[in-house]
Amino acid sequence: MDEQAGPKEGEKMQSLYNPDIYPDGIREMICESGETGIGIANRWMTGWPKRVVKLLVEDMYEGAFQYQLLQEQDVIARASNLSHLAPMEIIVMSGLNPEPPEV
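Numbering (the UniProt record's numbering), first residue to last: 1 to 103.
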């Protein structure tokens, strides 16, 4: 029997903020991207909702999201010696822009 990858017992995976704003395919992509992806989507939606809506309307959200996800996963993977820092601190220290792109 296959087990779903997810939070460990006792941990709660964060849920997607305002999920109804996303088209079905985008919402599924975000949810399947795991904790990092949901964190990106939530950060973008709570901090820059107008940019997110514009990316969705212009059909540019998926590309921007996938690019950001790969960048953040790469930075966090390379920062194993910085495990005392929160992922967001590592991202900011690396110089990655935490904001969604402007369209």
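Think of the CB as a built atom: it goes at the ideal place given N, C-alpha and C, for glycine as much as any other residue. The structure presented is a predicted model; accordingly, all values stated were derived computationally and were not measured.
Euclidean distance between Cα positions of residue i and residue j
i: A41; j: E102; result: 15 Å
i: L55; j: E35; result: 21 Å
i: V53; j: R43; result: 14 Å
i: L16; j: H84; result: 26 Å
i: M60; j: I91; result: 22 Å
i: G95; j: D20; result: 31 Å
i: G39; j: S33; result: 10 Å
i: P23; j: L69; result: 19 Å
i: V75; j: L82; result: 11 Å
i: S80; j: Q73; result: 12 Å
i: residue 126; j: R51; result: What the structure shows of the chain is the stretch from 1 to 103, and residue 126 is not part of that stretch, so it cannot be assessed.
i: C31; j: M45; result: 14 Å
Backbone secondary structure at residue i - three-state DSSP
i: W44; result: helix
i: P101; result: coil
i: Q14; result: coil
i: P87; result: helix
i: P49; result: helix
i: S33; result: coil
i: G25; result: helix
Cβ-Cβ distance between residue i and residue j below 8 Å
i: M88; j: E62; result: no
i: A64; j: P100; result: yes
**Item:** Ranges of the alpha helix (DSSP H) found wholly within the segment 55-88, counting only runs of at least 4
**Value:** 61-78
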